[in-house]
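Under my numbering, the residue at position 49 of the sequence shown is numbered 51, and the numbers go up by one with no gaps.
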Amino acid sequence: MPVLPLDDDAYWADPYPILAEFRDRHRTAVTPEGLKVILRWSDAEEIKKRPEFENEGLEYIEERGFKPGDPLYEWRRHSIGTLNGADHRRLRSLANRALTPRSVEKVRPVTREHMRSLLERHSATGEFDVAEEITAIPFMSVVSFLDIERAEAATIGAQMAGAAVDAFGPNVTQEIRDRANATFEALMEFVGELVENRRSKPRDDLLTRLIAAEEDGSRLSRDELIVLFTNIFGGAIETTSSMMNKVDRCPIRYRFQP
């Protein structure tokens, strides 16, 4: 069985070519610890529909030295990506009540406006660097959608990205654990303040809708609100930006018609 080099720093620097080669040759592989890995999308889609499929829980970060009471551990305890069964269905159902198509549709005009502004800034040359310029648009769009201050979001977003990547990597040191815990403690405190602010002064934004979401008398707890909000915040920014950063750095020419 082929072994993915997850304990090699070079893999984490750019895993995509390595994964592509593995997928071409194999359907499955194993980690250095012996855990089986599904390599192809179609196989993963089929397997996740089976009733025996479960999300990986807290054992993943326990293996990296995090323990109950650590801010990162407590954050992950409430993350939708670690929950299974009734707990997962409940959290997902409540989130769906807030993330309606109508609310998500508000992102489209915001993103278009940011893109139009970018094109207008470069209208004289008709050229810009995609990797440098467009990766900022997901951040600006989600900040507008979530209705939080850009400076605050920039600080938390930068901290969250660096700490999360290192803490979930293969070689976690005590320094990495300390930095991750300090970061997630600040993150949860920041979002906790946002939650209390929205409770006292509701707005037409996602966090207010998450607070109001209810099903069969069930609501999201304060910890669930904080973690779900950061999941959405981080996912909206990091997923898109990470993909864009893989684009070869080269200028893109365009013709802009107002």
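From the three backbone atoms N, C-alpha and C, an ideal C-beta is built for every residue, glycine too.
If you keep only unbroken beta strand (DSSP E) runs of at least 3 residues inside the segment 120 to 187, you get 129 to 131. Under the three-state reduction of DSSP output, Thr-84 falls in the coil class, being neither helix nor strand.
The alpha-carbon separation between Val-167 and Ser-95 amounts to approximately 28 angstroms. Per DSSP, the unbroken alpha helix (DSSP H) holding Thr-210 starts and ends at 208 to 214. In this structure, the alpha-carbon of Glu-35 lies about 41 angstroms from that of Ala-215.
Bounds of the alpha helix (DSSP H) holding Val-106 are 103 to 106.
Taken through DSSP and simplified to helix, strand or coil, Thr-232 comes out as helix. A straight-line Cα-Cα distance of about 15 angstroms links Pro-17 and Arg-42. In the structure shown, the three-state DSSP call for Thr-30 is strand. Taking the Cα positions, Met-3 is about 23 angstroms away from Glu-65. A straight line joining the alpha-carbon of Ala-155 with that of Asn-57 spans about 29 angstroms. The alpha-carbon separation between Arg-91 and Ala-126 amounts to approximately 51 angstroms. The DSSP-derived three-state label of Ser-223 is coil. Taking C-beta separations shorter than 7 angstroms and ignoring five residues to either side along the sequence, the partners of Arg-29 in its chain run Leu-41, Arg-42 and Asp-45, following chain order.
Runs of the beta strand (DSSP E) spanning 3 or more residues and lying entirely within the segment 30 to 83 occur at 30 to 32 and 38 to 40, in chain order.
Our two residues, Arg-179 and Arg-99, have alpha carbons roughly 35 angstroms apart in a direct line.
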